[in-house]
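Chains as they are written, first to last, in the numbering used here: chain Z, 631 to 1213; chain B, 4 to 132.
Ideal placement from N, C-alpha and C gives every residue a C-beta, glycine not left out.
Note that the structure is predicted; figures quoted are calculated from it, not measured.
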């Protein structure tokens, strides 16, 4: 009897089990094969993982391998307001985070007060917390508050070289300077991962169906030397503060090769904080700012006239005691002179003398020489936003144009172009292409691009260049306009420039550009430097304002680069050795 | 007519040996599959952990690199010098002793040989040649 009872129970249990299994199996079959395509797609989509594998941008390095820009992983603090509010933690989150991050808790509360949203940046998009703050936030374990890892471009030297390096925007695109121009190389190639997730949203490694490894961006090595750059930046900063100038910029170039050792602007900005910077401050004035060069331009007309042999350095010109009327328009000298030789026209910076030399030379040859010196054309440096300058064709010149262009008016140049002219003179007449990127190295170590010195043209003969070097050395003698540019123990060649700024209807009597461009050591030039100060107050001449800055830069640079006073053949022949000293 | 040998007849159902063999092979294959699957899962988890570790180490390396680069920048060095009240100046040109370049050293070689010959005559001089 008992056995039969057990038997029935067993049979009923078995039947129930079988029916349940049949039911589940039928449901399974229907789900897999039945008319639930949409649901199947939804489930597959939920399980599917497709993720871009982000990769670090390449680094930017100086000529000695010091890192100027690199990618860092930073943490941004985010929250799900729905979760925070459902746990009644909004107030607590706002107060605690306010304390940790030293910000107003009301700001955080305002961000959390968007119940419809499932994702907010608690301290704003593009703002990050440091490691200590991050670990404190993690320790708090607030429901709905989490940290996101993001790759951020970082500049260890802050504002130094900001105009050269540029910056990367929040979409990770290079937006200025080297970052913009070399974005294609720096960016790298994003990878791709296609896989599946488990119930806890963890990736199932064995379900990876596709994994394309990312390729890191290439490293860009500049010709800049971070220490020379620092010297220049410091000199500009103190000059601006002393003369209350609106802006200042300077470039140091290796005469023999065209390598840019330093390129600095004031005011600068911290590239890590580019979002709070005014666009005008971001402009690299060395290549993007056009100005009338003033007297520094006289070197071009004198070099051209000497090369054409229309004058000799000892030839004397009547400088009309300071005022000369040509075609009914007056031309004045800063200091009145009676008679000056061509050598003294340069030394004393006589406008009248330079204008008369230009007239002797003639418009067409003058224009041809200016073109050969690279005036009115972009230098082709690997930086964005370079200006070509303004040099009108001869057909558009007025009868007095040559007299004005000879003194650096009616023509606009960039500091880099002006530096090119003095470099060509210092480099035996050869105009080198200036360059700032030395090489680009792929993540696998292959050199993708390498820049070598390039001769653009030879506007003047070596003998003319030698004569010009001699004349320019006289400028820094005791009675020359550039005496404040002298460096103890070295011979310096150069030229001062003071140009009134153009304003609507003429030229300003109070606003001007003060500049000095020169080379050192004069016997065997290695470095060429240009310094420009915009709107200096009180003392306004290039000799008084820009020449001392040149001196400060040159004095420290030759010492740092170990350039001996009389030049060094060894140094010249191994151009890449310039600035090879590491910090 | 002789009947079947009762002694040779087995009692009940006998599982055929080939089927049993096939089933055994299937079971072994199944176990192997399960073992391989578990192994792949374990390796996958390990790879993922190591990938995370690598990313973490790379992150720390980059952060340290950043700190190091900040420290050794010219402004960083100046800050440190100021902090420890160390004043450094470049030597004056007159204080710099410049040694001849290697090419010039070759030119000087005969003179040096003469000096060596002179010194070698001295009883206290030992030349390493």
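Cβ neighbour criterion (16 or more within 10 Å) applied to residue 1151 (chain Z): When all chains shown are included, residue 1151 (chain Z) counts as buried.
Run the CB neighbour count on residue 71 (chain B), radius 10 Å, all protein chains shown included, and call it buried at 16 or more, exposed below. Counting Cβ neighbours within 10 Å, residue 71 (chain B) comes out exposed, since fewer than 16 surround it.
Do you know offhand how far residue 74 (chain B)'s Cα is from residue 764 (chain Z)'s? Here the C-alpha atom of residue 74 (chain B) lies approximately 23 Å from the C-alpha atom of residue 764 (chain Z).
Since residue 44 (chain B) meets chain Z, which of its residues come closer than 7 Å, beta carbon to beta carbon? Per Cβ cutoff of 7 Å: 836.
With H, G and I counted as helix, E and B as strand and the rest as coil, what does DSSP make of residue 1002 (chain Z)? It is helical.
Output the distance between the C-alpha atoms of residue 692 (chain Z) and residue 867 (chain Z), rounded to the nearest integer angstrom. When only Cα atoms are considered, residue 692 (chain Z) and residue 867 (chain Z) end up about 22 Å apart.
Would you tell me roughly how many angstroms separate the C-alpha atoms of residue 740 (chain Z) and residue 709 (chain Z), rounded to the nearest one? Near 13 Å, if we compare the C-alpha coordinates of residue 709 (chain Z) and residue 740 (chain Z).
Compare the C-beta of residue 702 (chain Z) against all C-beta atoms of chain B and say whether one is closer than 7 Å. Yes, residue 702 (chain Z) lies at the interface with chain B (some Cβ there is under 7 Å from its Cβ).
What residue range is occupied by the uninterrupted alpha helix (DSSP H) comprising residue 27 (chain B)? Here the alpha helix (DSSP H) through residue 27 (chain B) covers 20-74.
Any residues in the region 24-55 of chain B with a beta carbon nearer than 8 Å to a beta carbon of chain Z? Which ones, in chain order? Within the region 24-55 of chain B, those residues whose Cβ lies closer than 8 Å to any Cβ of chain Z are, in chain order, 40, 43, 44, 46, 47, 48, 50, 51.
Is residue 647 (chain Z) helix, strand or coil by DSSP? The answer is helix: DSSP assigns residue 647 (chain Z) an H, G or I state.
Short Cβ contact (7 Å threshold) for residue 1175 (chain Z) with residue 1169 (chain Z): One thing to note: residue 1175 (chain Z) has its Cβ within 7 Å of the Cβ of residue 1169 (chain Z).
Please classify residue 1 (chain B): does DSSP put it in a helix, a strand, or coil? The structure shown does not extend to residue 1 (chain B), since chain B spans only 4 to 132, so no value can be given for it.
What does residue 62 (chain B) reach in chain Z if we use C-beta pairs closer than 9 Å? Contact annotation for residue 62 (chain B) against chain Z: 702, 703, 779 [CB-CB distance below 9 Å, chain order].
Taking only three categories from DSSP, how would you classify residue 738 (chain Z)? Helix.
Looking only at its own chain, which residues have a Cβ that is under 7 Å from the Cβ of residue 1019 (chain Z), when we skip the five neighbours before and after it? Around residue 1019 (chain Z): 920, 1005, 1006, 1042, 1043, 1044, 1047.
Please tell me whether residue 988 (chain Z) and residue 996 (chain Z) are closer than 7 Å, where the distance is taken between their beta carbons. For the 7 Å CB-CB criterion, residue 988 (chain Z) and residue 996 (chain Z) form a contact.
Just list the residues that DSSP pairs residue 948 (chain Z) with in beta bridges. Residue 948 (chain Z) pairs with Z:969.
is_contact[residue 136 (chain B), chain Z] using C-beta, thresh 7 Å: With chain B covering 4 to 132 only, the question about residue 136 (chain B) has no answer from this structure.
If the cut is a Cβ gap below 8 Å, which residues of chain Z does residue 68 (chain B) touch? Neighbourhood of residue 68 (chain B) in chain Z, by CB distance below 8 Å: 697, 700, in chain order.
For residue 796 (chain Z), go through chain B and note every residue whose CB falls closer than 8 Å to its CB, in chain order. The CB of residue 796 (chain Z) never comes closer than 8 Å to any CB in chain B; the least such distance is about 18 Å.
Run through DSSP, which three-state label would residue 720 (chain Z) get? Helix, per DSSP.
Let me know the secondary structure DSSP gives residue 694 (chain Z) once reduced to three states. Reduced to three states, the DSSP call for residue 694 (chain Z) is coil.
Residue 695 (chain Z): which of Z:1140, Z:856, Z:753 sits nearest, CA to CA? A check of alpha carbon separations from residue 695 (chain Z) across Z:1140, Z:856, Z:753 identifies Z:856 as the nearest.
9 Å Cβ cut-off: residues of chain B touching residue 726 (chain Z): The contacting residues do not exist; residue 726 (chain Z) stays about 25 Å from chain B at best.
Between residue 815 (chain Z) and the rest of its own chain, which residues show a CB-CB distance below 8 Å, the 5 nearest in sequence each way excluded? Only 688, 847, 848, 850, 1070, 1078, 1079 meet the Cβ criterion.
Here's the rule I'm using: 16 or more other beta-carbon atoms within 10 Å means buried, otherwise exposed. How should residue 1149 (chain Z) be labelled? With 16 or more other Cβ atoms within 10 Å, it is buried.
Could you check if residue 836 (chain Z) belongs to the surroundings of the ligand COA, using beta carbon to heavy atom distance under 6 Å? In the structure shown, the ligand COA is absent, as is every other ligand, since no ligand is present at all.
What is the residue span of the alpha helix (DSSP H) that residue 862 (chain Z) lies within? Residue range 856-873 is occupied by the alpha helix (DSSP H) that includes residue 862 (chain Z).
Please look up how many angstroms separate the CB atoms of residue 773 (chain Z) and residue 717 (chain Z), rounded, as I've assumed it's under 8 Å. That pair is a contact at about 5 Å.
Buried or exposed for residue 1014 (chain Z), please, with buried defined as at least 16 other CB atoms from any protein chain shown within 10 angstroms of its CB. It is buried - the Cβ of residue 1014 (chain Z) has at least 16 other Cβ atoms within 10 Å.
Against chain B, does residue 821 (chain Z) count as a neighbour if the rule is that its beta carbon must be under 7 Å from one of theirs? No, residue 821 (chain Z) does not count as interfacial toward chain B.
What in chain D is Cβ-close to residue 856 (chain Z), meaning under 9 Å? The displayed structure is made up of protein chains Z and B, and chain D is not among them.
With 7 Å as the threshold, decide whether the Cβ of residue 1119 (chain Z) is near any Cβ in chain B. Using a Cβ-Cβ cut-off of 7 Å, residue 1119 (chain Z) counts as an interface residue toward chain B, since at least one Cβ of chain B sits closer than that to its own.
Residue range of the alpha helix (DSSP H) that residue 800 (chain Z) falls in? Here residue 800 (chain Z) belongs to no alpha helix (DSSP H), and DSSP marks it neither H nor E.
What does the alpha-carbon distance come out to for the pair residue 1003 (chain Z) and residue 749 (chain Z)? Rounded to whole angstroms, residue 1003 (chain Z) to residue 749 (chain Z) spans 59 Å at the Cα level.
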